[in-house]
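Q: One structure, as structure tokens, below. Some questions next.
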Amino acid sequence: MYVACSTLCFSKLSLEESLRTIREMQFPKADLAIHESGPHLTPSEVTADVGRAAQRLKAANLPLAAFHVGITCPDPDEARRQLRAVCRLARVSTVPLLTVTPAPLGADFDAEASRLREWVKVAASEGVMLTVETNFETITADPLGAAELCRRVPGLGVTLDPSHYLAGPHGVVNYDPLFPFVRHVRLRDTGTRPNEFQVRVGQGEVEYGRIITHLGRYRYDRALTVDVRDVPETQIPVESEVRKLKYLLESLV
67 MYVACSTLCF SKLSLEESLR TIREMQFPKA DLAIHESGPH LTPSEVTADV
117 GRAAQRLKAA NLPLAAFHVG ITCPDPDEAR RQLRAVCRLA RVSTVPLLTV
167 TPAPLGADFD AEASRLREWV KVAASEGVML TVETNFETIT ADPLGAAELC
217 RRVPGLGVTL DPSHYLAGPH GVVNYDPLFP FVRHVRLRDT GTRPNEFQVR
267 VGQGEVEYGR IITHLGRYRY DRALTVDVRD VPETQIPVES EVRKLKYLLE
317 SLV
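Numbered by my numbering, the letters in the sequence shown go through residues 67 to 319 in order.
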């Protein structure tokens, strides 16, 4: 295991400035957010010119652990086209894994499994692994449902974000059934109340050591991404919290 950093920690900076900051903080790799409404690369930009996007990433001189992809296009054919372009960018940038957001709560489970089977095939054709993130607003709000989704979709993994199981509207949820399927991890400290999704390191309830121990039992050897979001509503000093969580995680792996 090693500690990476999400570009969403520095969403007020440009893509190049964000990656440079992560490199200067001596993270070995970054976790790049590619969101249509995001501050850095977008899926439509990548689709328009994969080569130019690849050049920008190469110029940053920082390896990438994963892409955090937000495709919001309602047309399924265009969404697949954008996914294929992002997967191609991952391949040429030697990025092994993509995380996508699954369907919202209440969506048809079988239909979502069918969609993700197609997306897994698209990713696999470029040699990239596909995962779904745990999110309390989606069908992965229930860890058992998320595990069942992985069983229904061969090759699909999970990106574990435990904050959604601590401060979500459903109360503290046991996510142990997900560990066999975890292929990526994103972390911040989180309390157990809805307004404590992101708190200072040490003031929350995330059991980092326990998570790392469970991951080790399944021979997890991938990234632990520091994902302290630089959003307007945050009341914490993001950069110093990123450093604190980096040092804490490095002391545990």
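Glycine included, C-beta positions come from ideal geometry on N, C-alpha and C.
Can you tell me the Cα-Cα spacing of PRO228 and THR167, whole angstroms?
A: The alpha-carbon atoms of PRO228 and THR167 are separated by roughly 15 Å.
Q: Given 8 Å as the limit, is there contact between the stretch 297-304 and the stretch 100-112, that is, 3 or more CB pairs closer than that?
A: Output reads no: the stretch 100-112 does not touch the stretch 297-304.
Q: Would you mind sorting ASN240 into buried or exposed? The rule is 16 or more other CB atoms within 10 Å of its CB.
A: It is exposed - the Cβ of ASN240 has fewer than 16 other Cβ atoms within 10 Å.
Q: Is the beta carbon of VAL212 sitting closer than 8 Å to the one on THR200?
A: Going by the sequence as given, residue 212 is Ala instead of Val. Against a cut-off of 8 Å, the Cβ pair of THR200 and ALA212 comes out as a contact.
Q: Have a look at LYS95 and GLY257 and give me their C-alpha separation to the nearest angstrom.
A: One C-alpha to the other measures close to 27 Å.
Q: Could you compute how far the alpha carbon of TYR68 sits from the alpha carbon of TYR286?
A: Using only the alpha carbons, I get a separation of about 10 Å.
Q: List the whole-angstrom C-beta distance separating GLU307 from VAL267, where the pair is believed to meet the contact cut-off of C-beta under 8 Å.
A: Right, their Cβ atoms sit about 6 Å apart.
Q: Going by alpha carbons, who is nearest to ILE100 out of THR113, ARG249, ARG89?
A: The shortest Cα separation from ILE100 among THR113, ARG249, ARG89 belongs to THR113.
Q: Within the chosen definition, does the stretch 167-180 reach the stretch 139-149 through at least 3 CB pairs nearer than 8 Å?
A: Result no; under three Cβ-Cβ pairs closer than 8 Å.
Q: Could you tell me the alpha carbon to alpha carbon distance between GLY117 and VAL158, rounded to whole angstroms?
A: Cα-Cα distance, rounded: 9 Å.
Q: Excluding the 5 residues flanking GLN148 on each side, which residues of the same chain have their C-beta closer than 8 Å to its C-beta?
A: Correct list, in chain order: PRO109, SER110, VAL112, THR113, ILE137, CYS139.
Q: Within 10 angstroms of its Cβ, does VAL319 collect 16 or more other Cβ (buried), or is it exposed?
A: Classification for VAL319: exposed.
Q: So, at 7 Å on beta carbons, what are the nonlocal neighbours of PHE202 in its own chain, with the 5 sequence-adjacent residues on each side left out?
A: Excluding sequence neighbours, PHE202 sits near HIS230, GLY234, PRO235, HIS236.
Q: Does DSSP put ASP143 in a helix, in a strand, or in coil?
A: In the structure shown, ASP143 sits in a helix (DSSP, three-state: H, G or I).
Q: So ASP293 and LYS78 are supposed to be a Cβ contact under 8 Å. How far apart are they, rounded?
A: About 15 Å separates the two Cβ atoms, so there is no contact after all.
Q: Looking at the secondary structure, which residues open and close the beta strand (DSSP E) in which GLY193 lies?
A: Where GLY193 is concerned, there is no enclosing beta strand (DSSP E), given that its DSSP letter is neither H nor E.
Q: State the CB to CB distance for the pair LEU232 and VAL272, rounded to an integer number of angstroms; the pair is presumed to be in contact (CB under 8 Å).
A: Contact flag correct, Cβ pair sits at about 7 Å.
Q: Since LEU290 is in the beta strand (DSSP E), which residue starts that stretch and which ends it?
A: Looking at the DSSP string, the run of the beta strand (DSSP E) that includes LEU290 is 289-292.
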